[in-house]
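K.L.:
Structure incoming, see below.
As structure tokens, then:
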């Protein structure tokens, strides 16, 4: 039986040894975004609509980054990708990421406002919440493209498989950026 | 392929998945938005929210991927039961890691806020909340992931494409809902 298939590889100890160190490092990164939320606590508690935006902004940022990372990794493995801004796969996937953000974030903002309106007083105008969501979304999409391209290029230069390293890094870095960008948008607009 | 064709293909492929996960995220937000009183009563709880949500995704996303690979490789039989040694190992490890990392996050968050001189709830309160949240959300997510992946596989669906969306849509919602429940429980037991 291959080492991958032996029962010991599936033991609690072996899985924990493989996972726990990475999980702890990722937790430290996530506490960084927690500190940003903590600094913004008073504003978030005063406007529950903004609190509703927190998990969805974090989630969408990580998802946009991880989908782009998976697509670039596949293009890279198939030999279709070159690290040139005019490369069709690089530019096309980057463009799609920004277009997805422009489509989805106004919907997310409107959805958050509607949910707040259904359960309580949203305290902010619909247009303000949509603007906060759209601004955060576009900034996040651009940052997600930059982080993903730089990380994929780094994996290529260090001869690492982008599938192993790019997705965890991009997902968790985009989580943190999600909170930081939302913080910036709230400070600038609300 | 032109830039336009690549962009249109990527856009069409990603839009439905993102719409579903955005809806899940909004409902998680709705629960968080209703937690104003608990967030005020337990300073430091909001700081833990991103770490708690990310741990759900990282631990149970990996459990789904592991079970999916096991099924593909024939290491886990499709007619699997909970008595299967490999499945049990993977589940116990996920629960253990989920709880350990959640409690570690509480200890680090407490240290960080104390160091910065910011208001923070007693360490025992934060540890009790994250321990119970880690355990309860872990049991719920394990049930969801194992059920969907194993039953999906029996019906001829690819477990690799099932596990991700299940964890992203249910993970945030289960994470925030159990956080609300356990915070209320701990506040009620400890009188704040």
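Protein chains in written order, with the working numbering: chain A, 1 to 190; chain B, 1 to 192. We put the CB at the ideal spot given by N, CA and C, even for glycine.
1. Which chain A residues are close to residue 93 (chain B), counting only those with a beta carbon under 7 Å from its beta carbon?
2. Answer with yes or no whether the minimum CB distance from residue 33 (chain A) to chain B is below 8 Å.
3. When you compare the CB positions of residue 59 (chain B) and residue 97 (chain B), do they come within less than 8 Å of one another, or not?
4. Taking only beta-carbon atoms, is residue 71 (chain A) less than 8 Å away from chain B?
5. Can you look up residue 175 (chain A) in the DSSP assignment and give me helix, strand or coil?
6. Less than 8 Å between the beta carbons of residue 56 (chain B) and residue 149 (chain B), yes or no?
7. Kindly say whether residue 50 (chain B), judged by its beta-carbon, lies nearer than 8 Å to any beta-carbon of chain A.
8. Please state whether the Cβ-Cβ distance between residue 68 (chain A) and residue 155 (chain A) is less than 8 Å.
9. With 8 Å as the threshold, decide whether the Cβ of residue 182 (chain A) is near any Cβ in chain B.
10. List the residues of chain A that residue 162 (chain B) touches, going by C-beta distances under 9 Å, in chain order.
11. For residue 118 (chain B), return the contacting residues in chain A, with the cut-off set at a CB-CB distance below 8 Å.
12. Identify the contact partners of residue 153 (chain B) in chain A, using a Cβ-Cβ distance below 8 Å as the criterion.
13. Quick one: residues in its chain with C-beta nearer than 6 Å to the C-beta of residue 105 (chain A), no 5 flanking neighbours on either side, listed in chain order?
14. Flag this pair as yes or no: are the beta carbons of residue 119 (chain A) and residue 34 (chain B) separated by less than 8 Å?
15. Could you tell me the distance, in whole angstroms, from the CA atom of residue 160 (chain B) to the CA atom of residue 188 (chain B)?
16. Beta-carbon within less than 7 Å of residue 94 (chain A)'s beta-carbon, same chain only, minus the 5 sequence neighbours each way: which residues are those?
17. I'd like the ranges of any alpha helix (DSSP H) spanning at least 4 consecutive residues and lying wholly in the region 85-167 of chain A.
18. Under 8 Å between C-beta atoms, does residue 3 (chain A) make it to chain B?
19. Suppose the cutoff is 8 Å on Cβ atoms and the five residues either side in sequence are ignored; what does the same chain contact list for residue 1 (chain A) look like?
20. For the alpha helix (DSSP H) holding residue 107 (chain B), just list the boundary residues, first then last.
21. Would you report the Cα separation of residue 171 (chain A) and residue 11 (chain A), rounded to the nearest angstrom?
22. Short of 6 Å in beta carbon distance, which residues of its chain neighbour residue 106 (chain B), apart from the five on each side in sequence? Order them along the chain.
23. Let me check understanding here. Comparing Cα to Cα, which of A:168, A:187, A:186 lies closest to residue 25 (chain A)?
P.N.:
This is what the structure gives:
1. The residue you call residue 93 (chain B) lines up with position 93 of the second chain. Going along chain A in sequence order, the residues near residue 93 (chain B) (Cβ under 7 Å) are 12, 15, 16.
2. As a position in the first chain, residue 33 (chain A) is number 33, starting the count at 1. So yes, residue 33 (chain A) belongs to the interface.
3. For the purposes of this step, residue 59 (chain B) is taken as residue 59 along the second chain, with counting starting at 1. For the purposes of this step, residue 97 (chain B) is taken as residue 97 along the second chain, with counting starting at 1. Yes. Within cutoff.
4. Residue 71 (chain A) sits at position 71 when you count from the first residue of the first chain. Output row for residue 71 (chain A): interface = yes.
5. On the first chain, residue 175 (chain A) is found 175 positions in, with the first residue counted as 1. It is helical.
6. Within the second chain, numbered from 1, the residue matching residue 56 (chain B) stands at position 56. Within the second chain, numbered from 1, the residue matching residue 149 (chain B) stands at position 149. Going by C-beta atoms, residue 56 (chain B) is not nearer than 8 Å to residue 149 (chain B).
7. Numbered from 1 along the second chain, position 50 holds the residue referred to as residue 50 (chain B). Taking Cβ atoms only, chain A reaches closer than 8 Å to residue 50 (chain B), which makes this a yes.
8. On the first chain, position 68 is the one that residue 68 (chain A) refers to. On the first chain, position 155 is the one that residue 155 (chain A) refers to. Not in contact: residue 68 (chain A) and residue 155 (chain A) (Cβ atoms no closer than 8 Å).
9. As a position in the first chain, residue 182 (chain A) is number 182, starting the count at 1. Output row for residue 182 (chain A): interface = no.
10. For this step, residue 162 (chain B) is matched to residue 162 along the second chain. Within 9 Å Cβ-Cβ: nothing; residue 162 (chain B) doesn't reach chain A, min ~16 Å.
11. The count along the second chain starts at 1 and reaches residue 118 (chain B) at position 118. Correct list: 38.
12. Here residue 153 (chain B) is taken as the residue at index 153 of the second chain, counted from 1. Within chain A, no residue comes near residue 153 (chain B); the closest Cβ sits about 17 Å away, beyond 8 Å.
13. What you label residue 105 (chain A) is simply residue 105 of the first chain in a count that begins at 1. 133, 134, 137.
14. As a first step, residue 119 (chain A) is located in the first chain; it is residue number 119 there, counting from the start. As a first step, residue 34 (chain B) is located in the second chain; it is residue number 34 there, counting from the start. Yes, they are a contact pair.
15. As a position in the second chain, residue 160 (chain B) is number 160, starting the count at 1. As a position in the second chain, residue 188 (chain B) is number 188, starting the count at 1. Going from the Cα of residue 160 (chain B) to the Cα of residue 188 (chain B) covers about 41 Å.
16. For the purposes of this step, residue 94 (chain A) is identified with residue 94 of the first chain, where counting begins at 1. Correct list, in chain order: 145.
17. 88-119, 126-157
18. Within the first chain, residue 3 (chain A) is the residue found at index 3, counting from 1. For residue 3 (chain A), the predicted model reports a pLDDT of 45, less than 50, meaning its position is unreliable and no value from the coordinates is stated.
19. Translated into the one-based positions of the first chain, residue 1 (chain A) becomes position 1. Unreliable positioning characterises residue 1 (chain A) in this predicted model, as indicated by a pLDDT of 36, which lies under 50. The coordinate reading is nonetheless provided below. Same-chain partners within the cutoff: there are none.
20. One-based indexing of the second chain puts residue 107 (chain B) at position 107. Looking at the DSSP string, the run of the alpha helix (DSSP H) that includes residue 107 (chain B) is 85-116.
21. Walking along the first chain from the start, residue 171 (chain A) turns up at place 171. Walking along the first chain from the start, residue 11 (chain A) turns up at place 11. C-alpha separation (whole angstroms): 27 Å.
22. As a position in the second chain, residue 106 (chain B) is number 106, starting the count at 1. Within the same chain, residue 106 (chain B) has close Cβ partners 126, 127, 130.
23. One-based indexing of the first chain puts residue 25 (chain A) at position 25. Nearest of A:168, A:187, A:186 to residue 25 (chain A), Cα basis: A:168.
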